[in-house]
Amino acid sequence: MERRRNGSAADTPIDILARMPALVVLERIPVPALAMAPDGVILFTNPAFAQMVGYDQDTLAGLAFPDVFRTVPAAVFALSGVQALANMVVELAHFEGWIVRARMSKSALMRRDDEVVLVTFDDLTDHLWMDEH
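Mind the numbering: the sequence shown is residues 1 to 133 in the UniProt record's numbering, read in order.
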C-alpha cells in the first residue's frame, strides 16, 4: 500500500505530508479509525481499530454497521445516523464476544456530498469498567 515518492532535498516537512496518500496516513496513525459507505458497509479500518475489536483488518472490510456496532438499532446505519452518534459512547462487538465501549468522533468528512464517513474512536472500556467496580 505504501508508495515512496522521490522528493527533493528542498522538501519541507509540509511538502512531504502534502504528498502522503491518505490511506498510508490512516494505516500508520495509532488511533482507531473506520471509514464507512452511505449504505453502512465498512470500507476501511486501520490496524488500531482492528486490534481494538479483535478482528483481522481484512475481515472488517465489507461488514455492515450493525455487525460491529451494538448500541445502534440495525435500522440506523445511514450517514445521518452515524453523525447522530458523534462524540457519544458506542458499544462495539469484540470478536471474542465481549463489548468494547468507545467514544466515536464526528466524521472527518463533513460536506453534504461526501460519500464516506471517516470516524475515530477512543477506547473507554478499561476506564468505564474501573468506574463501575
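Each residue gets a CB set at the ideal place from its N, CA and C atoms; glycine is no exception.
Because the structure is a prediction, the values reported are computed rather than measured.
Could you give the distance in angstroms between the alpha-carbon of residue i and the alpha-carbon of residue j?
i	j	result
S8	P21	18 angstroms
L17	V25	9 angstroms
V89	K106	12 angstroms
F121	T12	31 angstroms
D123	D15	32 angstroms
G62	A10	42 angstroms
D39	E27	23 angstroms
E91	D114	25 angstroms
L23	M52	19 angstroms
For residue i and residue j, which I take to be in contact (beta-carbon distance under 8 angstroms), what is that distance rounded to the nearest angstrom?
i	j	result
A93	R112	Not a contact, Cβ separation roughly 30 angstroms.
L43	V116	7 angstroms
When burial is assigned at 16 or more other CB atoms within 10 Å of the CB, is residue i buried or exposed?
i	result
R19	exposed
N87	exposed
Leaving out the 5 sequence neighbours to the left and right, which residues in its chain are closer than 7 angstroms to residue i when beta-carbon positions are compared?
i	result
residue 134	Outside the shown range of the chain (1 to 133) lies residue 134, about which nothing can therefore be said.
A74	Since pLDDT at A74 reaches only 43, below the 50 mark, its modelled position is unreliable, and no value is offered.
V41	G62 and A64
A50	D56, Q57 and L60
Could you tell me the boundaries of the alpha helix (DSSP H) in which residue i lies?
i	result
R19	P13 to R19
What are the boundary residues of the beta strand (DSSP E) that includes residue i?
i	result
A33	A33 to M36
L63	No beta strand (DSSP E) holds L63; DSSP gives it neither H nor E.
R101	I99 to M104
F95	It is not in any beta strand (DSSP E) - F95 carries neither H nor E in the DSSP assignment.
Residues in its own chain within less than 6 angstroms of residue i by CB, not counting five upstream and five downstream?
i	result
A108	L118
A37	L43
residue 218	The displayed coordinates of the chain run from 1 to 133. Any statement about residue 218 would go beyond what the structure contains.
H127	none
Quick one: residues in its chain with C-beta nearer than 8 angstroms to the C-beta of residue i, no 5 flanking neighbours on either side, listed in chain order?
i	result
E96	G54
T125	I99, V100, R101 and A102
I29	N46 and A48
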